[in-house]
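Enquirer: Input: one structure, supplied below.
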Amino acid sequence: MNVIYADNNATTQVAPEVLAALLPYLGEQYFNPSSMYEPARGPKQAISAARVAIARLLGGVQPDEILFTSCATEANNAALFGVARAAGPGRRHIITTAVEHPAVLNVAKELSREGFDVTFLPVDEAGRLDPRELIRALRPDTMLVSIMHANNETGVVFAIESLARLVKETDPAIVVHTDATQTVGKLPIDLCGGMRHVDMLSFSGHKLHAPKGVGALFVRRGTPSRPVQIGGHQESGRRGGTENVAFIVALATALDLAVSGHERDEQHIRYLRDRLERELVARIPLLQVNGAGAERLVNTLNLSCHFIEGEGILYQLSAHGICASSGSACTSGSLEPSHVLRAMKVPFTAAHGSVRFSLSRFNTDEEIERILEVFPTIVANLRRLSPYWDNEHDRPRPEAEHMLHERG
Amino acid sequence: MTWEYSEKTKQLFMDAVHGKAGTHLGEIVDPDGLGEHGSIACGDALRFTFRVERHPSDPIQDRIVEGRYLTFGCTSAIAASEALCALIEQGGYTPIQALKITNQDIVDYLEGLPEQKIHCSVMGAEALEAAVFNWAQKRGVDLHALGIDITRQEQEEGRLVCKCFGLTEPYLRRKISELGLRTIPEITNAVKAGGACMSCHYAPGGLQDLLNEIWGQRPVAFGEQPSAASAQVDLPSAQLSPYQFAKGIERIIAEEIRPRLKQDGGDIEIIDIKDTLVYCQLRGACATCAGAGQTMKMVVEQLLKERFDERIRVITV
Numbered sequence: 342m343n344v345i346y347a348d349n350n351a352t353t354q355v356a357p358e359v360l361a362a363l364l365p366y367l368g369e370q371y372f373n374p375s376s377m378y379e380p381a382r383g384p385k386q387a388i389s390a391a392r393v394a395i396a397r398l399l400g401g402v403q404p405d406e407i408l409f410t411s412c413a414t415e416a417n418n419a420a421l422f423g424v425a426r427a428a429g430p431g432r433r434h435i436i437t438t439a440v441e442h443p444a445v446l447n448v449a450k451e452l453s454r455e456g457f458d459v460t461f462l463p464v465d466e467a468g469r470l471d472p473r474e475l476i477r478a479l480r481p482d483t484m485l486v487s488i489m490h491a492n493n494e495t496g497v498v499f500a501i502e503s504l505a506r507l508v509k510e511t512d513p514a515i516v517v518h519t520d521a522t523q524t525v526g527k528l529p530i531d532l533c534g535g536m537r538h539v540d541m542l543s544f545s546g547h548k549l550h551a552p553k554g555v556g557a558l559f560v561r562r563g564t565p566s567r568p569v570q571i572g573g574h575q576e577s578g579r580r581g582g583t584e585n586v587a588f589i590v591a592l593a594t595a596l597d598l599a600v601s602g603h604e605r606d607e608q609h610i611r612y613l614r615d616r617l618e619r620e621l622v623a624r625i626p627l628l629q630v631n632g633a634g635a636e637r638l639v640n641t642l643n644l645s646c647h648f649i650e651g652e653g654i655l656y657q658l659s660a661h662g663i664c665a666s667s668g669s670a671c672t673s674g675s676l677e678p679s680h681v682l683r684a685m686k687v688p689f690t691a692a693h694g695s696v697r698f699s700l701s702r703f704n705t706d707e708e709i710e711r712i713l714e715v716f717p718t719i720v721a722n723l724r725r726l727s728p729y730w731d732n733e734h735d736r737p738r739p740e741a742e743h744m745l746h747e748r749g
Numbered sequence: 012m013t014w015e016y017s018e019k020t021k022q023l024f025m026d027a028v029h030g031k032a033g034t035h036l037g038e039i040v041d042p043d044g045l046g047e048h049g050s051i052a053c054g055d056a057l058r059f060t061f062r063v064e065r066h067p068s069d070p071i072q073d074r075i076v077e078g079r080y081l082t083f084g085c086t087s088a089i090a091a092s093e094a095l096c097a098l099i100e101q102g103g104y105t106p107i108q109a110l111k112i113t114n115q116d117i118v119d120y121l122e123g124l125p126e127q128k129i130h131c132s133v134m135g136a137e138a139l140e141a142a143v144f145n146w147a148q149k150r151g152v153d154l155h156a157l158g159i160d161i162t163r164q165e166q167e168e169g170r171l172v173c174k175c176f177g178l179t180e181p182y183l184r185r186k187i188s189e190l191g192l193r194t195i196p197e198i199t200n201a202v203k204a205g206g207a208c209m210s211c212h213y214a215p216g217g218l219q220d221l222l223n224e225i226w227g228q229r230p231v232a233f234g235e236q237p238s239a240a241s242a243q244v245d246l247p248s249a250q251l252s253p254y255q256f257a258k259g260i261e262r263i264i265a266e267e268i269r270p271r272l273k274q275d276g277g278d279i280e281i282i283d284i285k286d287t288l289v290y291c292q293l294r295g296a297c298a299t300c301a302g303a304g305q306t307m308k309m310v311v312e313q314l315l316k317e318r319f320d321e322r323i324r325v326i327t328v
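These protein sequence lines map, in sequence, to chains A and B. Numbering-wise (this note's numbering), the first sequence opens with residue 342 and increments by one. Numbering-wise (this note's numbering), the second sequence opens with residue 12 and increments by one.
So, in structure tokens, the structure goes:
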């Protein structure tokens, strides 16, 4: 059975060009880039070239403003803990959002346990962030604002350019961080243009067709931040640890491919996603598109099927070889519905029945066709079992109708 | 970039570059003392030489009679070099007495230096010190026995903190203490450390750590940048309650600003007011106008400043 991979916000397949670029550094180019002898020059130069390339692809920042990490989670930890550790007693307030990835959300909660005051900004029912909420939250002792660029579950994009500007115009001493894990390679990132007010930006390789195990943190020059992973002199002492040369090369190659093919890929992916969304909504009653009213990443479709449970949907999809997810992969271990959907006040009848399809340039129209064939049946199968569904009329039972309006 | 130089600085510089009589450009052949500081890589370098009138029996009583310099650097680096030579010659010092000349003396002679240029005066003082050590070696004077701390060598030895300017930990420690440097920008202004790639600012063992070790934890965070917290203290509007302040802004917007915008088919909404920051959104034709940013600054902010409180800043939402 062919696998249809539609879970690209979780991870992506490694692009063949990326694999080809990284292999030499797992083979003959195994030397430690910090070593002095001649053969180590290759790996050292490879890192340096990757850094220069990434700096250029993010809008022409300085190469030394790019730090390589093991993943976006590490980059987010480095950003939040790093800024907190550089701050003095006069700055104890952190602002973030209620819908961040756990790699920011749980770090913020940890900092609040350490005595920092954290404000979690709410979102509206479409998942949008009202700049008024941010303005209201800003305080004279605010030290850090960390707002994701796009949400991993719903694909809702926050206007980080203008939010960052609002923060910096209010108080230039506040550090602005954004978790851009879902947008680097998908949306243009111009840290010297529209995003010039952003001080720190995290992302990872495996969301853009590089392998798992590499990420990066942009730290604008002069940003007060202490290192978290301390060791050798690598990354100018700001992130110790022998460099993952092969994957750093992969990251730069993958980003280069993503940026150069962006226009074509975006058009292709948008077409597939829009078709999937349009036709599923037409075929399935009471299907809700989460984040529909907001600007969204073109690859993401988060659906809620009222009155059924998401895990059962995933299981059946999997039986058809279709890979999708229900909420964030990182929250799937908990029994609670997604914190993102709850923040959006999605009714409980829908929050549990959420499914996320996230596409990449490797998806095809045939694959979308296949999902369109099986998904309505899967939903119908489960609704047949649902105590709240009137199968005769294919609608909720009268006594369950009110649940549609009970906000999560 | 242009700097605010004193008349004295500008004049010393112009005199030097035109080789006017009484200036000190040049190098003494076979000098009694020679000291260098900086390098081309760092953006400025000074080679300072002096000649003494030798005391027949006691070298300690040698008297400096002439100073010369060759300087690679900016306006203030050259003026500072001139100042150093002038101070030396006017003082009629012995080399040991000359060690008392500090970078502050050079700044005073120049009638002030912009903060970002303090390092030029430090360079002068450093080169002088180096030249005196050189003189002591040549004349067989034991500075250590005279109670003079021979610390200059530290600069060459020790862990490199600022890689861009090649500055070591012992050197930076000495400079932070000697010059009373309290913040990273002060260090950068004085000795350039941390002025290029900035990666040593918060690295372990970096500039902030040195400051913390020498002066203790800094009292407030981000002290080097203006913050809303510090701006909050002495506002004239502090006499008004937040309610009165907001009412005042509303009134001016309603009476003077909105009518103007309406003429062009636009409107304005106050989103929030925090201290003296007024968050606004332009509406209607103004919202999509290419000159929206200009309108906010030139019309809205300007009028609020003139009519109500000059510290008001308008932020577009």
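We put the CB at the ideal spot given by N, CA and C, even for glycine.
#1: Taking the continuous beta strand (DSSP E) assigned at residue 545/A, which residues delimit it?
#2: Assign residue 44/B to one of three DSSP states: helix, strand, or coil.
#3: Nearest chain C C-beta to residue 288/B closer than 7 Å, yes or no?
#4: Give me, in chain order, the residues of the same chain whose beta-carbon lies closer than 6 Å to that of residue 736/A; leave out the 5 immediate sequence neighbours on both sides.
#5: By the criterion of Cβ-Cβ separation under 7 Å, what are the contact partners of residue 510/A in chain B?
#6: Can you find the residues in the same chain that come closer than 7 Å, C-beta to C-beta, to residue 374/A, ignoring five residues on each side of it along the sequence?
#7: Is the segment 220-227 of chain B close to the segment 590-597 of chain A, with three or more CB pairs under 8 Å?
#8: Which residues in chain A have a C-beta closer than 7 Å to the C-beta of residue 53/B? List them in chain order.
#9: Once you ignore the five residues that flank residue 614/A on each side, which residues in its own chain have a CB closer than 8 Å to its CB?
#10: So what does DSSP say about residue 629/A, is it helix, strand or coil?
#11: Determine the burial state of residue 548/A: buried for a count of at least 16 other Cβ atoms within 10 Å of its Cβ, exposed for fewer.
#12: Hey, out of 295/B, 80/B, 87/B and 55/B, whose CA is closest to residue 122/B's CA?
#13: Any idea if residue 484/A is buried or exposed, counting beta-carbon neighbours within 10 angstroms, 16 or more meaning buried?
#14: Starting from residue 320/B, find everything on chain A with Cβ-Cβ shorter than 8 Å and list it in chain order.
#15: Going by DSSP, what residues sit across from residue 292/B in a beta bridge?
#16: For residue 709/A and residue 558/A, which I take to be in contact (beta-carbon distance under 8 Å), what is that distance rounded to the nearest angstrom?
#17: Return the chain-ordered list of same chain residues with a C-beta closer than 7 Å to the C-beta of residue 208/B, the five sequence neighbours on each side being excluded.
#18: List the residues of chain B whose Cβ lies closer than 8 Å to the Cβ of residue 465/A, in chain order.
#19: Could you tell me which chain B residues have their CB closer than 7 Å to the CB of residue 435/A, listed as they occur along the chain?
#20: Is there contact between the segment 41-57 of chain B and the segment 144-151 of chain B, where contact requires at least three CB pairs shorter than 8 Å?
#21: Does the Cβ of residue 361/A have 16 or more other Cβ atoms within 10 Å, making it buried, or fewer, making it exposed?
#22: Using a cut-off of 7 Å between C-beta atoms, extract the partners of residue 329/B located in chain A.
#23: Let me know the secondary structure DSSP gives residue 497/A once reduced to three states.
#24: Once DSSP output is grouped into helix, strand and coil, what is the label at residue 448/A?
#25: From the DSSP output, which residues share a beta bridge with residue 50/B?
#26: For the beta strand (DSSP E) that contains residue 680/A, what are its first and last residues?
#27: Which residues mark the beginning and the end of the alpha helix (DSSP H) in which residue 573/A is found?
#28: Should the segment 282-300 of chain B be called in touch with the segment 467-477 of chain A, which here means at least 3 C-beta pairs below 8 Å?
#29: For residue 134/B, which of helix, strand or coil comes out of DSSP?
#30: For the segment 537-545 of chain A against the segment 503-512 of chain A, do three or more pairs of beta-carbon atoms, one drawn from each stretch, fall closer than 8 Å, so that the two count as touching?
#31: Can you tell me whether residue 262/B is buried or exposed? The criterion is at least 16 other CB atoms within 10 Å of its CB, across all chains shown.
#32: Opposite residue 179/B in the DSSP bridges: which residues?
#33: Given residue 404/A, which residues of its chain have a CB within under 7 Å of its CB, disregarding the five upstream and five downstream residues?
#34: State the Cα-Cα distance for the pair residue 53/B and residue 138/B, rounded to the nearest angstrom.
#35: Using Cβ-Cβ distances below 9 Å, what residues of the segment 419-430 of chain A are close to chain B?
#36: In the segment 380-410 of chain A, which residues sit with their C-beta less than 8 Å from some C-beta in chain B, listed in chain order?
Expert: According to the structure data:
#1: Residue 545/A sits at position 204 when you count from the first residue of the first sequence. Here the beta strand (DSSP E) through residue 545/A covers 541-545.
#2: Stepping through the second sequence from its first residue, residue 44/B is reached at position 33. In this structure, residue 44/B counts as strand in the three-state DSSP scheme.
#3: Absent from the structure is chain C; the protein chains it does hold are A and B.
#4: Position 395 of the first sequence, counted from the start, is the residue given in the question as residue 736/A. Cβ neighbours of residue 736/A beyond the five flanking positions: none.
#5: Taking the first sequence and counting its residues from 1, one reaches residue 510/A at position 169. Neighbours of residue 510/A on chain B, chain order: 326.
#6: Looking up residue 374/A in the first sequence gives position 33. Contacts found: 381, 384, 385, 388, 584 and 586.
#7: no
#8: Counting from 1 along the second sequence, the entry for residue 53/B is found at position 42. Those do not exist, as residue 53/B stays about 18 Å from chain A at its closest Cβ, beyond 7 Å.
#9: By one-based count along the first sequence, residue 614/A stands at place 273. If we look at residue 614/A and ignore the five residues flanking it on each side, its Cβ neighbours are 639, 640, 641, 642, 698 and 700.
#10: As a position in the first sequence, residue 629/A is number 288, starting the count at 1. It is a strand residue.
#11: Along the first sequence, read from residue 1 onward, the residue named residue 548/A stands at position 207. Under this definition residue 548/A is a buried residue.
#12: Counting from one through the second sequence, the residue named residue 122/B turns up at place 111. Cα-wise, what sits closest to residue 122/B is 87/B.
#13: Residue numbering aside, residue 484/A sits at position 143 when the first sequence is read from its first letter. So residue 484/A counts as buried.
#14: The sequence position of residue 320/B within the second sequence is 309, counting from 1. Those do not exist, as residue 320/B stays about 17 Å from chain A at its closest Cβ, beyond 8 Å.
#15: For this step, residue 292/B is matched to residue 281 along the second sequence. Looking at the DSSP assignment, residue 292/B forms a beta bridge with 280/B.
#16: Counting from 1 along the first sequence, the entry for residue 709/A is found at position 368. Counting from 1 along the first sequence, the entry for residue 558/A is found at position 217. Not quite, the Cβ-Cβ distance comes to about 35 Å (not below 8 Å), so this is no contact.
#17: Residue numbering aside, residue 208/B sits at position 197 when the second sequence is read from its first letter. So the qualifying residues of the chain are 175.
#18: Counting from 1 along the first sequence, the entry for residue 465/A is found at position 124. None at all; the shortest Cβ gap to chain B is about 16 Å.
#19: As a first step, residue 435/A must be located in the first sequence, where it is residue number 94. Result: empty, since nearest Cβ-Cβ is about 13 Å, beyond 7 Å.
#20: yes
#21: In the first sequence, the residue the question calls residue 361/A occupies position 20. Answer is exposed; the Cβ neighbour count stays below 16.
#22: Absent from the structure is residue 329/B, since the part of chain B shown begins at 12 and ends at 328.
#23: Here residue 497/A is taken as the residue at index 156 of the first sequence, counted from 1. Residue state, collapsed to three classes: strand.
#24: Looking up residue 448/A in the first sequence gives position 107. Residue state, collapsed to three classes: helix.
#25: Walking along the second sequence from the start, residue 50/B turns up at place 39. The partner list for residue 50/B (beta bridge, DSSP) reads 55/B.
#26: To locate residue 680/A, count along the first sequence from 1; it is residue 339. No beta strand (DSSP E) contains residue 680/A, which is instead part of the alpha helix (DSSP H) from 680-684.
#27: Taking the first residue of the first sequence as position 1, residue 573/A is located at position 232. Element bounds for residue 573/A: n/a, residue is neither H nor E.
#28: yes
#29: Looking up residue 134/B in the second sequence gives position 123. Here residue 134/B sits in helix by DSSP.
#30: yes
#31: One-based indexing of the second sequence puts residue 262/B at position 251. Looking at its Cβ environment, which holds fewer than 16 other Cβ atoms inside 10 Å, residue 262/B is exposed.
#32: As a working mapping, residue 179/B is identified with position 168 in the second sequence. BP columns for residue 179/B point to 171/B.
#33: Taking the first sequence and counting its residues from 1, the one referred to as residue 404/A is at position 63. For residue 404/A, where only same-chain residues beyond five positions count, the Cβ hits under 7 Å are 392, 393 and 396.
#34: Residue mapping note: residue 53/B aligns to position 42 of the second sequence, counting from 1. Residue mapping note: residue 138/B aligns to position 127 of the second sequence, counting from 1. Their Cα atoms are separated by approximately 15 Å.
#35: 423, 426, 427, 428, 429 and 430
#36: 403 and 405
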